[in-house]
Amino acid sequence: MIEITEAAMTKIKGMQEEEGDPSLMLRVGVKGGGCSGLSYGLGFDAEKNEDDELLDKSGLSVLIDKESQPVINGLVIDYKENMMGGGFTLDNPNAILACGCGASFRTKENVGTPENC
């Protein structure tokens, strides 16, 4: 369904440790909005919802809601450091259009709800 690189996994587990709760799960999803219509959501969650798929990625529990699954199938989450700092990158094979900053996108089947940026 999704891939999390070693660099991203290290960063995520470090952030999870900073939160002080090793039971927190990574929630990956998509919601309407952004310049291109769909925006990614990454964050920690303590609870699994009925419509969530629970994945195990190298000991990290990952939640993906049922509506987001087809939109992010094949997503690769990476973490990169450069002279300006670091950040997560998301490479989605389903995206046919993305905004300049890469935070929002659209797919052939789902244009979302674009907002003026």
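Terminal number for the sequence shown in the UniProt record's numbering: 117, no gaps in between.
Yeah, the Cβ is synthetic: ideal placement off N, Cα and C, and Gly gets one too.
Just so it is clear, the structure is predicted and the values come from calculations on it, not from any experiment.
| Asked | Found |
| --- | --- |
| Measuring straight from C-alpha to C-alpha, what distance separates L105 and L90? | Note that residue 105 is Phe in the sequence shown here, rather than Leu. Each residue's alpha carbon lies about 11 Å from the other. |
| Relative to the alpha-carbon of I72, which residue among D56, I96, M83 has its alpha-carbon at the smallest distance? | I96 |
| Measuring CB to CB, does A46 end up less than 8 Å from S23? | yes |
| Could you tell me the alpha carbon to alpha carbon distance between E109 and Q16, rounded to whole angstroms? | 34 Å |
| Would you call the CB atoms of T5 and I64 closer than 8 Å? | no |
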